[in-house]
Amino acid sequence: MRRIDVPRSIFRQTLDSFGGAILRGDLPPGALPIEVELAAQFGVGRNLLREVVKALAAKGLIGLRPGMGTWVAPRADWNLLDPDVLRWMAEGDDRLEIAFNLAEFRLIVEPPAAELAALRATAAERDAIMAAAHALDDGLTQPSVIAERDLVFHGAILTAAGNPLLASIGQRLRDMMAAQIRTTTDHAGAFERGLPLHRALARAIAEGAAVQAEALSHSLVMMPYLDLAERLAVAPGQRLKQDQADRAKRPVAAI
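Each residue of the sequence shown is one higher than the one before, counting from 1 in the UniProt record's numbering.
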């Protein structure tokens with residue numbers, strides 16, 4: 001019979017509960033209750049609680065210093081690229097705002113990455129991007145896999161950009177991107193509207209059309225960005241501009 005690591009399971013549950021409480025604001029920045037009170041609050045022993053506190057400190061959520069106690073760190077100190085922190089953010093009550101922030105981040109990062117991919121991609125990487133675009137068409141009848149296939153498509157472009165930092169960031173943001181994709185394609189026809197842009201972007205990269213690739217990527221990511229901006233009532237003056245989208249209107253050969 002397979003042995004179940006109960007202490008580790010309890011550690012993970014407590015870490016999720018404690019981390020989630022911080023991200024929700026249930027435990028706001030500032031001094032934490034004393035150890036015995038926290039242990040009682042989460043229903044665990046003090047030794048396990050100390051391990052959880054150390055783990056949260058490593059993620060930047062908690063400040064920990066001998067003689068000064070422990071405290072919830074300000075948001076500016078949090079490691080927002082930590083996988084657990086990203087997951088807690090995606091699962092939180094403010095997930096629409098988080099999805100908007102991610103879409104905005106993608107608008108800043110992905111269009112230049114697509115331009116680089118058009119300039120640098122190997123033949124194998126171009127083939128992988130084209131295959132990922134075709135897989136999106138094939139996945140339309142399988143809603144459960146469409147988000148994963150979209151992640152593969154965008155991840156292939158980040159990899160083809162030839163900058164390992166871009167590929168690494170893409171990997172770290174996968175869970176949050178999956179949540180954003182589900183949020184912005186939760187109504188009929190939402191994903192289908194973006195398919196022509198996916199195909200055109202793949203073709204532009206395959207043909208080495210760097211300027212087109214950048215513009216098409218901008219137009220593609222602008223779709224969820226505008227959707228989320230409308231849902232959150234973000235003032236037009238506080239949004240990224242759409243003017244780059246006009247560059248995507250240049251003709252691109254159909255796949």
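Ideal Cβ positions, reconstructed from N, Cα and C, are used throughout, including at glycine.
All of these numbers come straight from a predicted model, not from anything done at the bench.
| Considering only C-alpha positions, which residue in the set P236, R46 and A90 is nearest to I10? | R46
Could you work out which residue in F100, L166 and M68 is closest to T183 when comparing CA atoms only?
F100
Taking DSSP as the reference, what is the three-state secondary structure of T159? helix
* Asked: Is it a yes or a no for the segment 120-130 touching the segment 148-167, going by three-plus beta-carbon pairs under 8 Å?
  -> yes
Notebook entry, point to check: Out of L195, G60, E104 and L15, which has the shortest C-alpha to C-alpha gap to A133?
Noted result: L195
#### Entry: Whole alpha helix (DSSP H) elements within the segment 102-190, 4-residue minimum
123-138, 143-160, 164-172 and 174-184
Just to check my reading of the structure: G92 and L61 have Cβ atoms closer than 8 Å, yes? What is that Cβ distance to the nearest angstrom? The pair is not a contact, with the Cβ atoms about 13 Å apart (cut-off 8 Å).
| Residue nearest to L96 in terms of C-alpha spacing, selected from Q242, P224 and K241 | P224
### Among V44, E51, A179 and D138, the one whose alpha carbon lies nearest that of M89
A179
### For R87, the first and last residue of its enclosing alpha helix (DSSP H)
P83 to E91
- Item | Contacting residues, own chain, Cβ-Cβ under 6 Å from A57 (five flanking each side not counted) | L64
**Rounded straight-line distance, which links the Cα of K54 to that of V44** = 15 Å
Secondary structure at R239, three-state DSSP: helix, strand or coil? coil
Within 10 angstroms of the Cβ of M68, are there 16 or more other Cβ atoms? Answer buried if so, exposed if not.
exposed
#### Entry: Inter-residue spacing [alpha-carbon to alpha-carbon] between A253 and L48
Here A253 scores only 42 on pLDDT, less than 50, and its place in the model is too uncertain to base an answer on.
* Is A233 helix, strand or coil by DSSP? -> coil
In the DSSP assignment, find the beta strand (DSSP E) that holds L64 and state where it starts and stops. I62 to R65
I need the straight-line Cα distance from V211 to V221, nearest angstrom please.
16 Å
Is it buried or exposed, I4, if we count other Cβ atoms within 10 angstroms and call 16 or more buried? With a pLDDT of 39 at I4, under the threshold of 50, the modelled position of this residue cannot be trusted; read the value that follows with caution. I4 is exposed by the Cβ-count criterion.
Worksheet item: So who's on the other strand from A31, going by DSSP bridges?
Response: W71
**Report entry** Residue span of the alpha helix (DSSP H) that contains L47, given as start and end
**Finding:** In the sequence as displayed, the identity of residue 47 is Asn instead of Leu. Start and end: R46 to A58.
- Since I believe N79 is in contact with V85 (beta carbons under 8 Å), could you give me their beta-carbon distance rounded to a whole number of angstroms? 6 Å
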